[in-house]
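Numbering (our numbering), first residue to last: 2 to 124.
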């Protein structure tokens with residue numbers, strides 16, 4: 002028996018949409034038995050089926066395979082923009098001199114770069 006994170010994710014996504022196995026199987030053009038085996042880890046879907054599943058549930062292949070817990074990387078960028086906007090609003094309304102605001106922005110960029118380096122070094 003191999004790692005069944007893929008099967009668990011398929012089941013979780015299906016259940017979140019309140020779909021029965023038979024309905025998802027029909028959409029994927031596979032049998033209900035085959036889908037059941039994917040979810041239980043007895044079989045691994047081929048790449049074409051993985052792509053169909055990812056598109057159907059609007060998640061990345063990396064999420065399905067357990068490489069990331071971010072379902073859709075495109076959706077993750079939205080909250081980041083909100084954080085930047087709130088931070089900017091707080092800084093500009095804080096009474097800090099423009100030079101200090103610039104230093105804060107530079108520090109944030111430095112932290113982002115450090116996080117990126119740490120991620121590369123820890124792989």
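Using N, Cα and C, we set each Cβ at its ideal position, and we do this for glycine too.
Computed from a predicted structure; not experimentally measured.
Check, Outcome
"Cβ contact (3+ pairs, closer than 8 Å) linking the segment 32–47 and the segment 9–24", "yes"
"Three-state class that DSSP yields for residue 116 in the structure shown", "helix"
"Selection from 68, 16, 54 that minimises the alpha carbon distance to residue 31", "54"
"C-beta contact flag for residue 6 and residue 47 at 8 Å", "no"
"Cβ shell of residue 59 (< 7 Å), same chain only, five flanking positions each side left out", "73"
"Environment of residue 36 [buried if 16+ CB atoms lie within 10 Å]", "buried"
"Nearest to residue 29 (by Cα), restricted to the options 52, 17, 44", "52"
"Cα-Cα separation between residue 108 and residue 75, rounded to whole angstroms", "25 Å"
"Residues of its chain near residue 64, where Cβ-Cβ distance is below 6 Å and the 5 sequence neighbours each way are ignored", "72"
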